[in-house]
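First to last, the protein sequences are chains A and B.
Residues 0 to 578 in numbering that gives the first Met the number 0 are what the first sequence spells out, letter by letter.
Residues 0 to 213 in numbering that gives the first Met the number 0 are what the second sequence spells out, letter by letter.
We put the CB at the ideal spot given by N, CA and C, even for glycine.
Quick notes on the structure that follows.
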Amino acid sequence: MPMTARRWFARIVLVTVPVAGVAVGLMTLRLARRADTASWAGRDVIADVLLMSVGWALIIAGLALFRRAADRTAGVLLTAAGFAWFIADWDNQFADSSIVFTTGLVGASVCPVLIGHAVLRYQSRRLNRLGLLGVALGYTAAVLFGGLLPALFFDPTAQGCSTCARNVLAVQSNPSAVEVLGRAAVLLGPLWCALLMVAIGWRLGEASPAKRRRDGPVLVAGIGYLAAMCGTYLLAIGSSFVPINPSTRLLWLVQCTCLLLLAAGTGWPSVQRARTRARVARLVVDIAEVPPVGGLSTMLARSLRDPSFLVLYPTTENSMVDSGGRPATPDEKQTHTRVVRSGETVAVLEHGQRLFDDPALAAEVTAAARLALDNERLQALTRAQLADLRESRARIIRTGDAERRRLERDLHDGAQQQLVSLSLACSLAAIRAGDPAAAARLNRARAEVASALVELRAFARGIYPAELADEGLAAAVQTLAEGAAVPVTIEQVPTRRFPHAVEAAAYQLLSRVVRDSSSGPVRITATDDGDQLRIEAALERAPAGLTQLEERVGAIGGELLVSSTAAGATVRAVLPCEW
Amino acid sequence: MRVVIADDEVLLREGLSRLLAEVGIDVVGTVGDAPALLRAVALEKPDVALVDIKMPPTHTDEGLTAAMAIRDQHPAVAVLVLSHYLDSRYAMQLLDRHPGAVGYLLKERISDVVVLVDALRRVGDGECVIDPTIVSRLLHRPRTSGKLDRLTDREREVLALMAEGHSNQAISDLLTLSPRTVERHIAHIFAKLDLADSDDHHRRVLAVLEILRT
Chain A
0 MPMTARRWFA RIVLVTVPVA GVAVGLMTLR LARRADTASW AGRDVIADVL LMSVGWALII
60 AGLALFRRAA DRTAGVLLTA AGFAWFIADW DNQFADSSIV FTTGLVGASV CPVLIGHAVL
120 RYQSRRLNRL GLLGVALGYT AAVLFGGLLP ALFFDPTAQG CSTCARNVLA VQSNPSAVEV
180 LGRAAVLLGP LWCALLMVAI GWRLGEASPA KRRRDGPVLV AGIGYLAAMC GTYLLAIGSS
240 FVPINPSTRL LWLVQCTCLL LLAAGTGWPS VQRARTRARV ARLVVDIAEV PPVGGLSTML
300 ARSLRDPSFL VLYPTTENSM VDSGGRPATP DEKQTHTRVV RSGETVAVLE HGQRLFDDPA
360 LAAEVTAAAR LALDNERLQA LTRAQLADLR ESRARIIRTG DAERRRLERD LHDGAQQQLV
420 SLSLACSLAA IRAGDPAAAA RLNRARAEVA SALVELRAFA RGIYPAELAD EGLAAAVQTL
480 AEGAAVPVTI EQVPTRRFPH AVEAAAYQLL SRVVRDSSSG PVRITATDDG DQLRIEAALE
540 RAPAGLTQLE ERVGAIGGEL LVSSTAAGAT VRAVLPCEW
Chain B
0 MRVVIADDEV LLREGLSRLL AEVGIDVVGT VGDAPALLRA VALEKPDVAL VDIKMPPTHT
60 DEGLTAAMAI RDQHPAVAVL VLSHYLDSRY AMQLLDRHPG AVGYLLKERI SDVVVLVDAL
120 RRVGDGECVI DPTIVSRLLH RPRTSGKLDR LTDREREVLA LMAEGHSNQA ISDLLTLSPR
180 TVERHIAHIF AKLDLADSDD HHRRVLAVLE ILRT
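In structure tokens:
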């Protein structure tokens, strides 16, 4: 059906059905009042009001559901149930019209099945198997055995109602057939009522907490109504119709209450949605007030009442970071909702399994938090990149240091040893040489080799001092002081070992300071509190070119501070003990 | 003189062994690590153990530890440690424990057979030997101000030779001074450095080195 035609159809339905409902209701009231002995209604004002309000409530609720595309079927069924509610009172002797009377005969007991069917289709695309069975059995029992088939044999006069209107469907007068069919319908009643109740109960038990909260009122009211109906049928067993007595009247009152609650329950999701909207609106306000860096997850967790709620941001295809930019692995046990914007996943919401059963909620939440989400995502990604950068810088330093250590060792154990061997060989050759001139030449060569050795040692030390690698900072600083260009006083240096990168950074800093003759006398104090290694060098003038060291110190997460006054300068470094 | 050589470099070990043999020193064993050295010393009872400071497994100061162990267990065996380190730390460790019959030379000295043999003889005689380069570095390091400034150049020369472990007689020979003059210099040095003169030659070396190190 084209869109406009559908809209027109809907409009016509929405106008005509209420009018018909009012008319049918009023007519039923008139009939019930006259036949107060054949009906629970029509006896007093309360019963009248109940009769009217239940029927109209069902019709109104049905029409309201009808307007929601997803609940169209349930809406139709519920509206039909509203009319069937009225029709149940039409088969009495005061019905003037034979059409009305016949309709009453046929549809007298169809209302409960329609209610059960509507409840099962409420917020659900399909019936479960039990529901299907219950609905099929119900329609068979109520429409066929309790309506259409007996109507074929129902002759009002033969049944003792001479004033009744004519039964237009009657083909043969057969009171015993009417009796048998009626009894069968009554016998089947508890069965399909129970089936429908179990089917609805099953749905209720299977639903997520969110769905249960949303659909619960309708489903529970439906069960209540069917239970009352079941009871009514049980009281009628052995008979072909439902007797009018105080017990059945009580059950009728229960039915009325349940149906009113059911009709009201269909409005519950709207109330809930409004509440969620209010919550989301509050969230928007919260986010606007406190720009939550890293607090978005906490805030959403609180406002969605899911403590496990977490926002993760995808960086590259398979990696995620949290709000702080730290690598995060999605929890397999949790459910994940992707926030996709123009084809790109911008965030992944990790939450309890059924939080977002209502997809509209996820959309509303992400829309509300959009700005904060973008803000946090950009920050998280920046942090992640920063961490990557820091890590790669650290890796470069680590690799560089390791390479320097290796080189120093290679020089030490390789080249240096070989040079020593060479000078040894020169020495030996000089001793063995018979010719004094040759011996002198060999000794000169030996001296050359010796000076090469000295240079090589200085060079290797510059690459990476062996004692720093072997014994740590304290030994290395001591050694440094012996070869310094300026007087050095060592106040205190921790003897414990630190990570190579930390020791190397500290050493490089101190080495730069004491090797520069412009520093003047240097006083070195280093302390560690298990967390931070603090190095302080008091000197006359801070040497130039500490920038490189600043980078080196910064690369391992430390800080370098140079302060100069007329009285002197201080170079301070704070390095992490763990790295 | 009977000598055991410990160095993990085979080439160097053999070269050294031949060089020493050439100048008439009896090399009774060459080994490559500390445990082998201790066994060789226990077995051969040499006059001197010539020990490289770097030996397996870590190649840092295993030689030094072995040297101290030898001095502990075999007081009759002198030890000359060959070092790669210019600084005085290890030398001081060695002297602190065993002020006599120990020596600490830089590795490159071994090619200067005269120096090497002299050092071997001195430690063999119970003296101590500290590499001149190490002493010189200590002596010439920058200082804020101090007692060392009070010394004359000649006194500093004498001080350096004392620090290298030379006896008074050796100092007078090396500087071509009369023993009396040397003794006078030494007395002045001790007065200026506020050191109590000690008859113990080794204690004297240690005290002088301490002064130089601070």
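For residue i, which of the options has the nearest alpha-carbon?
| i | options | result |
| --- | --- | --- |
| cysteine 163 (chain A) | A:Phe100, A:Ser450, A:Ile86, A:Leu203 | A:Phe100 |
| serine 269 (chain A) | A:Leu186, A:Gln122, A:Ala371 | A:Gln122 |
| leucine 309 (chain A) | A:Asn127, A:Arg340, A:Leu385, A:Glu375 | A:Glu375 |
| isoleucine 52 (chain B) | B:Gly102, B:Asp198, B:Thr213, B:Val134 | B:Gly102 |
| valine 552 (chain A) | A:Pro17, A:Val364, A:Arg392 | A:Arg392 |
| threonine 297 (chain A) | A:Leu234, A:Trp267, A:Pro329, A:Ala368 | A:Ala368 |
| leucine 211 (chain B) | B:His58, B:Lys146, B:Ser110 | B:Lys146 |
| proline 464 (chain A) | A:Ala438, A:Ala446, A:Arg514, A:Arg408 | A:Arg408 |
| proline 306 (chain A) | A:Ile199, A:Gly351, A:Val339 | A:Gly351 |
| glycine 264 (chain A) | A:Gly221, A:Ser238, A:Glu481 | A:Gly221 |
| valine 179 (chain A) | A:Pro189, A:Val167, A:Trp191, A:Phe152 | A:Phe152 |
| alanine 209 (chain A) | A:Thr275, A:Met51, A:Thr3, A:Glu490 | A:Thr275 |
| alanine 449 (chain A) | B:Val134, B:Ser110, B:Arg179, B:Ser177 | B:Ser110 |
| histidine 83 (chain B) | B:Asp152, B:Gln72, B:Arg140, B:Thr59 | B:Thr59 |
Does the beta-carbon distance from residue i to residue j come in below 8 angstroms?
| i | j | result |
| --- | --- | --- |
| valine 50 (chain B) | alanine 66 (chain B) | yes |
| leucine 441 (chain A) | glutamine 507 (chain A) | no |
| serine 516 (chain A) | leucine 479 (chain A) | no |
| isoleucine 627 (chain A) | valine 561 (chain A) | Nothing about residue 627 (chain A) can be read from this structure; chain A reaches only from 0 to 578. |
| leucine 194 (chain A) | leucine 234 (chain A) | no |
| valine 105 (chain A) | glycine 137 (chain A) | no |
| alanine 100 (chain B) | glycine 62 (chain B) | no |
| alanine 504 (chain A) | leucine 574 (chain A) | yes |
| valine 12 (chain A) | phenylalanine 65 (chain A) | yes |
| proline 520 (chain A) | glutamate 539 (chain A) | yes |
| glycine 115 (chain A) | leucine 282 (chain A) | no |
| alanine 227 (chain A) | alanine 184 (chain A) | no |
| leucine 85 (chain B) | arginine 136 (chain B) | yes |
| leucine 113 (chain A) | phenylalanine 144 (chain A) | no |
| proline 149 (chain A) | glycine 181 (chain A) | yes |
| isoleucine 215 (chain B) | valine 181 (chain B) | Any question about residue 215 (chain B) goes unanswered here, given that chain B covers just 0 to 213. |
| leucine 50 (chain A) | leucine 30 (chain A) | no |
| threonine 256 (chain A) | valine 241 (chain A) | no |
| valine 27 (chain B) | valine 3 (chain B) | yes |
Which residues in the same chain have their Cβ closer than 6 angstroms to the Cβ of residue i, if we skip the five residues on either side of it in sequence?
| i | result |
| --- | --- |
| leucine 36 (chain B) | Ala5, Val30, Ala65 |
| tryptophan 578 (chain A) | Pro498, Ala500, Val501, Ile555 |
| arginine 121 (chain B) | Val128 |
| tryptophan 267 (chain A) | Pro216 |
| isoleucine 58 (chain A) | Gly20, Thr78, Gly81 |
| proline 55 (chain B) | Asp7, Asp32 |
Who are the near neighbours of residue i in its chain, counting only those whose CB is closer than 8 angstroms to its CB and skipping five residues on each side?
| i | result |
| --- | --- |
| alanine 451 (chain A) | Leu418 |
| alanine 206 (chain B) | Leu194, Ser197 |
| valine 170 (chain A) | Leu151, Phe152 |
| alanine 118 (chain B) | Leu79, Gly102, Leu104, Arg108, Val128 |
| tryptophan 55 (chain A) | Gly20, Val21, Gly24, Gly81 |
Between which residues of its own chain and residue i is the CB-CB distance below 7 angstroms, once the five residues before and five after are set aside?
| i | result |
| --- | --- |
| glycine 123 (chain B) | Met0, Asp46, Val47, Ala77 |
| serine 166 (chain B) | Glu126, His200 |
| cysteine 160 (chain A) | Gln92 |
Where the segment 68-96 of chain B meets chain A: residues whose CB sits under 8 angstroms from a CB there: Taking 8 angstroms as the Cβ-Cβ cut-off, the segment 68-96 of chain B approaches chain A at His83, Tyr84, Leu85, Asp86, Ser87, Arg88, given in chain order.
Count the CB pairs spanning the segment 87-106 of chain B and the segment 483-493 of chain A that are closer than 8 angstroms, and state whether there are at least three. Fewer than three Cβ pairs drawn from the segment 87-106 of chain B and the segment 483-493 of chain A lie within less than 8 angstroms of each other, which leaves the two stretches out of contact.
Residues of the segment 169-187 of chain B whose Cβ lies closer than 7 angstroms to any Cβ of chain A, in chain order: Across the segment 169-187 of chain B, no CB contact with chain A closer than 7 angstroms is found for any residue.
Using a Cβ cut-off of 9 angstroms, which residues of the segment 395-424 of chain A contact any Cβ in chain B, in chain order? Residues of the segment 395-424 of chain A with a C-beta atom less than 9 angstroms from some C-beta of chain B are Arg408, His411, Asp412, Gln415, Gln416, Gln417, Leu418, Val419, Ser420, Leu421, Ser422, Leu423, Ala424, listed in chain order.
Output, in sequence order along the chain, the residues in the segment 429-459 of chain A whose CB is closer than 8 angstroms to any CB in chain B. Listed in sequence order: Ile430, Arg431, Arg445, Val448, Ala449, Leu452, Val453, Arg456.
In the segment 99-110 of chain B, which residues sit with their C-beta less than 8 angstroms from some C-beta in chain A, listed in chain order? When CB distances to chain A are screened at a threshold of 8 angstroms, the residues of the segment 99-110 of chain B falling below it are Lys106, Glu107, Ile109, Ser110, in chain order.
Report yes or no: do the segment 342-356 of chain A and the segment 311-319 of chain A share at least 3 C-beta pairs separated by less than 8 angstroms? Result yes; three or more Cβ-Cβ pairs closer than 8 angstroms.
Which residues, taken in chain order from the segment 138-170 of chain B, show a beta carbon closer than 8 angstroms to some beta carbon of chain A? Against chain A - using a Cβ distance shorter than 8 angstroms - the residues of the segment 138-170 of chain B are Arg140, Pro141, Arg142, Thr143.
Near-chain B residues of the segment 514-528 of chain A (beta-carbon distance less than 7 angstroms), N- to C-terminal order: The segment 514-528 of chain A vs chain B, Cβ under 7 angstroms: Pro520.
Using a Cβ cut-off of 7 angstroms, which residues of the segment 27-41 of chain B contact any Cβ in chain A, in chain order? In summary, no residue of the segment 27-41 of chain B has a CB separated from any CB of chain A by less than 7 angstroms.
Between the segment 191-213 of chain B and chain A, which residues of the former have a C-beta closer than 7 angstroms to a C-beta of the latter? Residues: none.
Any contact of the segment 461-471 of chain A with the segment 418-427 of chain A, i.e. 3+ C-beta pairs under 8 angstroms? Taking 8 angstroms as the limit for Cβ pairs, the verdict is that the segment 418-427 of chain A does not touch the segment 461-471 of chain A.
Near-chain A residues of the segment 6-20 of chain B (beta-carbon distance less than 7 angstroms), N- to C-terminal order: Listed by position, the residues of the segment 6-20 of chain B near chain A (Cβ gap below 7 angstroms) are Glu8, Leu10, Leu11, Gly14, Leu15, Arg17, Leu18.
May I ask you to list, following chain order, the residues of the segment 54-67 of chain B that have a beta carbon less than 9 angstroms from some beta carbon of chain A? Hits within the stretch, in order: Thr57, His58, Thr59, Asp60.
Against chain A, which members of the segment 112-134 of chain B pass a CB distance test of less than 8 angstroms? So the close ones are Val112.
Selection of the segment 497-515 of chain A by Cβ proximity to chain B, strictly under 7 angstroms: Answer in chain order: no residues at all.
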